[in-house]
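Undergrad: With our numbering applied, the sequence shown covers 1 to 200. Beta carbons are placed, not taken as given, at the ideal position from N, Cα and C, and that holds for glycine. Below: one structure in structure tokens.
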Amino acid sequence: MQFKILIKRGVTLAILMLLVWSCKNTPTPKPRAYFRISFPEHKYDSLENKYPYFFEYPQYTRIIQDKAVNAEPYWINIDYPAYNGKIHLSYKVVKNNLADMLEDNRKLAYKHSIKADAIGEKLFMAPEKKVYGILYDIKGDAASSIQFFLTDSVRNFLRGSLYFNAIPNKDSLAPVVDFVKEDIMHMMETFEWKSLPKTK
């Protein structure tokens with residue numbers, strides 16, 4: 001009988017010690033986390049033969065004709081439905097105004113410097129295809145993370161900008177931006193100019 005009482009007291013004492021010991025641990029807040037995003041393998045299709053330019057675009061996107069009020073012919077959007085984002089592409093014919101186009105493009109990219117932590121510029125040149133451009137890598141909580149242009153410096157000019165339909169947050173969007181940036185680089189590397197389609 002004495003032995004059973006001793007065992008009960010020992011177990012009770014052990015439980016009390018555990019409770020006291022566990023109360024001494026100060027809880028620490030967990031760092032903010034974001035949902036893990038899984039990405040498909042990068043695979044590409046060829047753009048239809050109805051534009052004055054050609055490139056390979058991701059199979060997991062949709063090419064949508066730009067329906068904005070001020071949209072011009074050959075303006076398209078590359079829609080990323082899974083990530084709620086779009087690459088807006090606008091095409092213009094150069095008419096002795098390349099310097100103005102380049103300056104307008106630079107202003108549009110650096111308009112985001114208010115919210116950006118930094119803006120990197122990557123020069124792109126493919127002289128054998130007469131494709132030259134700059135990719136603007138916009139870091140921080142700017143509305144657009146990537147902007148770029150491509151030109152043959154004589155007749156054709158194409159401008160692109162990446163936007164997400166979400167509040168800009170560099171931490172949560174960073175994996176998606178990196179994923180899309182690889183697609184944009186592939187697009188620039190496969191880019192070619194074609195003659196303008198005949199209008200009816």
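1. Measuring CB atoms only, is the stretch 68-76 touching the stretch 132-148, in the sense that at least three cross pairs come out at less than 8 Å?
2. Can you name the start and end residues of the alpha helix (DSSP H) that R106 belongs to?
3. Examine the Cβ distances between the stretch 152-165 and the stretch 72-89 and report whether three or more of them are shorter than 8 Å.
4. With DSSP as the reference, label R212 as helix, strand or coil.
5. Specify the secondary structure class of F179 as computed by DSSP and reduced to three states.
6. Taking just the CA atoms, how far does M187 sit from N84?
7. Please classify L150: does DSSP put it in a helix, a strand, or coil?
8. Could you give the distance in angstroms between the alpha-carbon of A218 and the alpha-carbon of G133?
9. Grouping DSSP H, G and I as helix and E and B as strand, with all else coil, what is S113?
10. Output yes or no for whether 7 Å exceeds the beta carbon distance between A109 and Y136.
11. Here's a check: name, in chain order, each residue in its chain whose Cβ is nearer than 6 Å to the Cβ of N156, leaving out the five neighbours to either side.
12. Report all residues from its chain with a CB closer than 7 Å to the CB of L37; omit the five preceding and five following residues, and keep chain order.
13. With burial defined as no fewer than 16 other Cβ atoms inside 10 Å of the residue's Cβ, what is the status of L123: buried or exposed?
TA: Let's see:
1. No, they do not touch.
2. Its alpha helix (DSSP H) spans residues 98-110.
3. With the cut-off at 8 Å, the stretch 152-165 and the stretch 72-89 touch.
4. In the structure as shown, the chain starts at 1 and stops at 200, and residue 212 therefore has no counterpart that could be examined.
5. Helix.
6. Cα to Cα, the separation comes out at about 20 Å.
7. Three-state DSSP puts L150 in a strand.
8. Nothing can be reported for residue 218: it is not among the residues displayed for the chain, which extend from 1 to 200.
9. It is helical.
10. Taking the C-beta atoms as reference points, Y136 is found nearer than 7 Å to A109.
11. Non-local beta-carbon contacts of N156 in its own chain, meaning distances under 6 Å to residues more than five positions away in sequence, involve W193 in chain order.
12. In the sequence as displayed, the identity of residue 37 is Ile instead of Leu. Only P175, V176 meet the Cβ criterion.
13. Classification of L123: exposed, given that the 10 Å Cβ count is below 16.
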